[in-house]
């Protein structure tokens with residue numbers, strides 16, 4: 014599975030402005046145009062918010078076409094927020110009057126959030142009639158390729174698991190539907206629910222995982238893919254260096270060495 018997935022897809026640490034623009038463009042396509050979660054930006058066709066300035070971004074890219082198959086971000090707490098961690102998940106729960114129950118030992122400097130997971134419709138479906146890509150004429154993904162589409166979402170969380178381990182942010186939050194949490198659990202990535210469900214783009218709840226437990230509990234069938242993603246991201250972090258306003262090159266080098 015590991016080699017087959019990497020034959021079809023590559024992982025991109027979106028450290029440059031051009032790669033982050035691809036992330037924001039993909040998010041616009043999914044969150045604004047396809048799902049209607051956010052207003053359409055008719056001028057720039059990008060979707061971004063105030064949390065992107067303190068986030069790391071990652072892309073899954075389809076090798077044959079160069080299309081962005083998925084993206085996610087890791088958001089860091091706002092050290093100036095006195096009412097909490099200043100994370101998107103807190104904002105959503107607060108709006109619904111729901112508390113996030115974390116262990117009091119979890120420190121802001123060890124915490125982060127996985128959010129803005131986006132996969133375009135032609136990579137969300139394994140059905141032939143829904144796998145044609147706009148702008149590619151009659152191009153349709155092969156049966157072999159479509160077999161791996163369900164792995165894109167899991168692979169984004171494998172990227173997040175690798176990333177949070179590499180940068181030493183072991184305590185991870187995510188707002189998820191129960192069905193996706195169950196899908197991750199089948200791979201051995203077992204999040205714990207830490208809030209009551211809220212109605213936010215469907216019924217979702219806040220979930221928490223310790224990155225070290227995620228690695229330890231990962232199923233042997235998924236571990237080779239995870240290790241390959243981890244190795245690739247480690248290489249890219251070292252090559253691409255720092256992300257302005259997030260982590261300096263020295264910090265990254267210290268962590269990775």
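In my numbering, the protein residues as written are 14 to 270. Built from N, CA and C at the ideal position, the CB exists for glycine as well.
- Rounded to whole angstroms, the Cβ separation of residue 179 and residue 250 is 6 Å, and the two are in contact under 8 Å.
- DSSP places residue 220 in the uninterrupted beta strand (DSSP E) bounded by 216 to 223.
- By the Cβ rule, the segment 16 to 23 counts as touching the segment 74 to 82, because three or more pairs are nearer than 8 Å.
- The DSSP assignment places no complete beta strand (DSSP E) segment of no fewer than 3 residues inside the segment 188 to 217.
- For the 8 Å CB-CB criterion, residue 129 and residue 40 form a contact.
- Contact between the segment 107 to 118 and the segment 156 to 175 is not established, with fewer than three Cβ pairs separated by less than 8 Å.
- Fully contained in the segment 56 to 86 are the following beta strand (DSSP E) runs of length 3 or more, in chain order: 68 to 75.
- Assigned with DSSP and collapsed to three states, residue 155 falls in coil, not helix or strand.
- It is roughly 23 Å from the alpha-carbon of residue 231 to the alpha-carbon of residue 69.
- DSSP places residue 129 inside the beta strand (DSSP E), whose first and last residues are 124 to 131.
- Per the coordinates, the alpha-carbon of residue 206 lies some 30 Å from the alpha-carbon of residue 33.
- The beta carbons of residue 36 and residue 72 sit closer together than 8 Å.
- A straight line joining the alpha-carbon of residue 227 with that of residue 135 spans about 29 Å.
- Excluding five sequence positions before and after residue 99, the CB atoms of its chain that fall closer than 7 Å to its own CB belong to 90 and 91, given in chain order.
- Exclusion of the five residues before and after residue 243 leaves 175 as the residues of its chain whose Cβ lies within less than 6 Å of its Cβ.
- In this structure residue 49 is exposed. Its beta-carbon is surrounded by fewer than 16 other beta-carbon atoms within 10 angstroms.
- Residue 115 carries a coil assignment under DSSP once its states are collapsed to helix, strand and coil.
- Distances from the CA of residue 112 to each of 123, 208 and 216 were compared; the closest alpha carbon is that of 208.
- Close CB contacts of residue 171 within its chain, under the 7 Å cut and outside five residues either way in sequence, are with 238, 239 and 242 (chain order).
- Residue pairing of residue 186 in beta bridges, as defined by DSSP: 126 and 221.
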